[in-house]
Amino acid sequence: MMRVYYRDSHGAVVLCDCTKKDTVAGAFRWKKDLDYKLRLDNGDPIPAVLLANKSDLKNELSTAELHELGLQYGFSGAFKISAKTGENVEEAMQFLIRQIVCAEKEGLYVAPIFQRDHHIRRLESEETVRGRQSFKDTFKNVCC
């Protein structure tokens with residue numbers, strides 16, 4: 018992926034299919050590319066979780082093996098999830114969010130999540146909020 022797709026990212030979710038081990042190798046390529054192109058101010062990689070989807074099906078990847086691979090490739094955490102049943106999805110997202118908030122509190126992001134006065138800013142224009150602007154037009158105004 019081009020660096021512009023990663024720019025200002027504060028966390029990442031890398032997904033693979035735990036019923037097909039060959040997709041796990043693809044997830045590691047994504048992580049390697051992410052780490053090469055995006056770092057925190059202290060040089061560490063941004064928080065990233067490895068999610069192995071389809072845990073509700075018979076799969077080739079044990080939880081212990083997934084955690085070991087996650088550690089080996091530098092993920093903040095690794096979870097077996099099921100998009101179908103919702104198993105572990107919330108737990109994985111809460112874990113990633115905690116990692117992101119910790120890094121933000123330490124001032125490790127070039128582009129902070131919150132303004133330094135700790136107020137959250139709404140990213141939509143007021144016209145969008147009032148419904149005067151179409152969904153398509155909204156994206157014209159927020160281009161990088």
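For the sequence shown, our numbering assigns the number 18 to the initial residue and increments by one for each residue that follows. Backbone N, C-alpha and C define an ideal beta-carbon position, used for all residues, glycine too.
Subject >> Coil, strand or helix - Gly-43 by DSSP >> reply: helix
Original post:
CA-CA distance, Gly-124 and Val-41?
Top reply: In this structure, the CA atom of Gly-124 is about 32 Å from the CA atom of Val-41.
Subject >> Sub-7 Å separation of Ile-114 and Asn-105 beta-carbons >> reply: No, these two residues do not count as a Cβ contact at 7 Å.
Subject >> Arg-24 versus Ile-117 - alpha carbon distance >> reply: 15 Å
Subject >> Option in Lys-37, Gly-60, Cys-33 with minimal Cα separation from Trp-47 >> reply: Cys-33
Subject >> Helix, strand or coil at Val-31 [DSSP, three-state] >> reply: strand
Subject >> Reduced DSSP secondary structure (H/G/I, E/B, other) of Arg-139 >> reply: Unreliable placement is indicated for Arg-139, whose pLDDT of 48 sits below 50; the coordinate value is still reported in the next sentence. DSSP places Arg-139 in coil when its eight states are reduced to three.
Subject >> Entirely enclosed alpha helix (DSSP H) segments - the region 70-123, minimum 4 residues >> reply: The region 70-123 contains these whole alpha helix (DSSP H) runs: 80-89, 106-122.
Subject >> Ser-79 classed as buried or exposed, judged by whether at least 16 other C-beta atoms fall within 10 angstroms >> reply: Classification of Ser-79: exposed, given that the 10 Å Cβ count is below 16.
Subject >> For Val-127, three-class secondary structure by DSSP >> reply: coil
Subject >> Contact check, Leu-186 vs Ala-95, beta carbons under 7 Å >> reply: The requested residue 186 is not part of the displayed model; the chain covers only 18 to 161.
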